[in-house]
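Under full-length UniProt numbering, the first residue of the sequence shown is numbered 1, with each subsequent residue one higher.
Think of the CB as a built atom: it goes at the ideal place given N, C-alpha and C, for glycine as much as any other residue.
What you are looking at is a predicted structure, and each value in this text was computed from that prediction instead of being measured.
Working notes for the structure below.
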Amino acid sequence: MKKIVITGGAGFIGSHVVRLFVQKYPDYQIFNLDALTYAGNMANNEDIAHLPNYHFIKADITDEAHIDALFTEYQFDSVIHLAAESHVDRSISDPLAFVKTNVIGTVNLLQAAKKHWAGHWEGKRFYHISTDEVYGELHNPEEFFLETTPYDPRSPYSASKASSDHFVRAFHETYGLPTVITNCSNNYGPNHFPEKLIPLMIHNILNNKPLPVYGKGENVRDWLYVVDHARAIDTVFHHGKTGDTYNIGGFNEWKNIDLVHLLCEIMDKKLGRTEGTSKQLITYVTDRAGHDLRYAIDAHKIMNELGWEPSLQFAEGLEKTVDWYLSNEKWLKDVTSGAYQQYYQNMYQGR
Ligand code: NAD
Ligand code: TYD
Numbered sequence: 001m002k003k004i005v006i007t008g009g010a011g012f013i014g015s016h017v018v019r020l021f022v023q024k025y026p027d028y029q030i031f032n033l034d035a036l037t038y039a040g041n042m043a044n045n046e047d048i049a050h051l052p053n054y055h056f057i058k059a060d061i062t063d064e065a066h067i068d069a070l071f072t073e074y075q076f077d078s079v080i081h082l083a084a085e086s087h088v089d090r091s092i093s094d095p096l097a098f099v100k101t102n103v104i105g106t107v108n109l110l111q112a113a114k115k116h117w118a119g120h121w122e123g124k125r126f127y128h129i130s131t132d133e134v135y136g137e138l139h140n141p142e143e144f145f146l147e148t149t150p151y152d153p154r155s156p157y158s159a160s161k162a163s164s165d166h167f168v169r170a171f172h173e174t175y176g177l178p179t180v181i182t183n184c185s186n187n188y189g190p191n192h193f194p195e196k197l198i199p200l201m202i203h204n205i206l207n208n209k210p211l212p213v214y215g216k217g218e219n220v221r222d223w224l225y226v227v228d229h230a231r232a233i234d235t236v237f238h239h240g241k242t243g244d245t246y247n248i249g250g251f252n253e254w255k256n257i258d259l260v261h262l263l264c265e266i267m268d269k270k271l272g273r274t275e276g277t278s279k280q281l282i283t284y285v286t287d288r289a290g291h292d293l294r295y296a297i298d299a300h301k302i303m304n305e306l307g308w309e310p311s312l313q314f315a316e317g318l319e320k321t322v323d324w325y326l327s328n329e330k331w332l333k334d335v336t337s338g339a340y341q342q343y344y345q346n347m348y349q350g351r
């Protein structure tokens, strides 16, 4: 029986990874370890919280003594590490928070795994979830990020993720810790916090608020449906080569402004508004400082070596995402009002 601690499981991507593992592997014990920062929401796991192989642990990955005690208590044999500060704009206003969680928190987990596994690497795995943003930005339209692309982070967020990737590799090379890393492109789908582009636009269209497009809206992102990312994580966790790294992406590049136009069209139809109504909300605003021009992943390695491929076309994924937000207006309201932060107290009071 495996005992897997998944960090950041109450966040956007982590909640989908936790759900997939809990449902697909009833013989694994899954420990969702999350500090419940502003980005953590117990509602994201509500549907699986009753399952006997699901366990929630409220803990901060930067808390050395607590993490050490948890490894002693639960004897985890695998770590799937997603907990992070994840928003580029927040990293610009508060870089230190990103160093603390993304760098120090990751090294703290590495230390705990190294100490508790103590050289008995058989059946152990430390899997670090990272981003394509560590590779910097692309200018040549023919170019894609490969696993061999040199790191060139340009935002405090990507610098902190690059640093944590380096520490994960260093623990493999120096101590032999059985690690694996994946670098994924931008995700979208249910449970996405409405500070990021797609959920923010959906939220603002719904509420007739301005749609802030940074600069000229010409920056390009490569979008992957979050469940496809979770499927890739399952594949790499079980079949990825120890010490290796895999890029994950959907070969699905969109200029921000084209994506916002598409969302406006979908939303007008769904809300029964006259065509063109939502586009009138588009407002060009001051560009993000150091705004990376283009990200694009070459995902051939994971596709050829491990047989993973994206399952959803963008049009279908985006429609599913919009439908989810429209049928989960309470989730959206709770998140924007702050009410979601009561879930933990309500669910766990008295236990
Ligand atoms: P998110 O912000 O939605 O969730 C992060 C989760 O981590 C939250 O539940 C939060 O409570 C938890 N957390 C934060 N600090 C913590 C701490 N100190 N201790 C314990 N838990 C803490 O993030 P996300 O978008 O789901 O991203 C998850 C991971 O995937 C991150 O490592 C991110 O860098 C990476 N990633 C994200 C994307 C994307 O498009 N969102 C793409 C590639 C990689
Ligand atoms: P975001 O969702 O923050 O992801 P990342 O910066 O990690 O790629 O932003 C996606 C793109 O959308 C990015 O080019 C910045 C842009 N953007 C806007 O134009 N307006 C917004 O309000 C936000 C949040 C992002």
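Handout entry: Residues near aspartate 60 by beta carbon distance below 6 Å, same chain, minus five either side
Key = Ala35
Problem - Closer than 6 Å: leucine 200 CB and nearest the ligand TYD heavy atom - result: yes
Exercise for the section: Within 10 angstroms of the Cβ of proline 310, are there 16 or more other Cβ atoms? Answer buried if so, exposed if not. Expected result: buried
Practice task
Tell me whether the beta-carbon of glutamate 253 lies closer than 7 Å to the beta-carbon of valine 220.
Solution key: yes
Practice task
Give the range of the alpha helix (DSSP H) segment to which lysine 255 is assigned.
Solution key: Run containing lysine 255: none in the alpha helix (DSSP H); it sits in the beta strand (DSSP E), 253 to 255.
Problem - Option nearest aspartate 132 by Cα separation, candidates Leu332, Gln341, Ile297 and Gln313 - result: Ile297
Exercise for the section: Please classify alanine 69: is it buried, with 16 or more other beta-carbons within 10 angstroms of its beta-carbon, or exposed? Expected result: exposed
Problem - Three-state secondary structure assigned by DSSP to tryptophan 331 - result: helix
Exercise for the section: Mark methionine 42 as exposed unless 16 or more other C-beta atoms lie within 10 angstroms of its C-beta, in which case mark it buried. Expected result: buried
Handout entry: Extent of the continuous alpha helix (DSSP H) to which isoleucine 67 belongs
Key = 64 to 74
Handout entry: valine 236 - containing alpha helix (DSSP H), residue span
Key = 226 to 239
Exercise for the section: Tell whether a beta-carbon distance below 7 Å holds between asparagine 187 and valine 134. Expected result: no
Practice task
Express the C-alpha separation of glutamate 73 and phenylalanine 144 in angstroms, rounding to a whole number.
Solution key: 44 Å
Handout entry: aspartate 258 burial status per 10 Å Cβ neighbour count (16 or more: buried)
Key = exposed
Problem - Secondary structure of tyrosine 157, DSSP reduced to three states - result: helix
Problem - Burial state of valine 17 (16 or more Cβ within 10 Å) - result: buried
Problem - Backbone secondary structure at lysine 216 - three-state DSSP - result: coil
Practice task
Return helix, strand or coil for glutamine 111, following the three-state DSSP convention.
Solution key: helix
Problem - Host beta strand (DSSP E) of arginine 90 (start-end) - result: From DSSP, arginine 90 is part of no beta strand (DSSP E) but of the alpha helix (DSSP H) over 88 to 93.
Exercise for the section: Verify the contact flag: asparagine 256, CB atom, against every heavy atom of the ligand TYD, threshold strictly below 6 Å. Expected result: yes
Handout entry: Cβ-Cβ separation, leucine 197 to asparagine 256 (assumed contact under 8 Å), whole Å
Key = 7 Å
Practice task
Run the CB neighbour count on histidine 50, radius 10 Å, all protein chains shown included, and call it buried at 16 or more, exposed below.
Solution key: exposed
Problem - Opening and closing residue of the beta strand (DSSP E) in which glutamine 342 lies - result: Segment: none, glutamine 342 is in no beta strand (DSSP E) and carries neither H nor E.
Exercise for the section: Could you check what DSSP says for aspartate 34 in three-state terms: helix, strand or coil? Expected result: strand
Handout entry: heavy atom of the ligand TYD below 6 Å from proline 156 C-beta
Key = no
Practice task
Over the uninterrupted beta strand (DSSP E) stretch that includes valine 285, give me the two end residues.
Solution key: 282 to 285
Handout entry: 7 Å Cβ cutoff met for tyrosine 157 and valine 88
Key = yes
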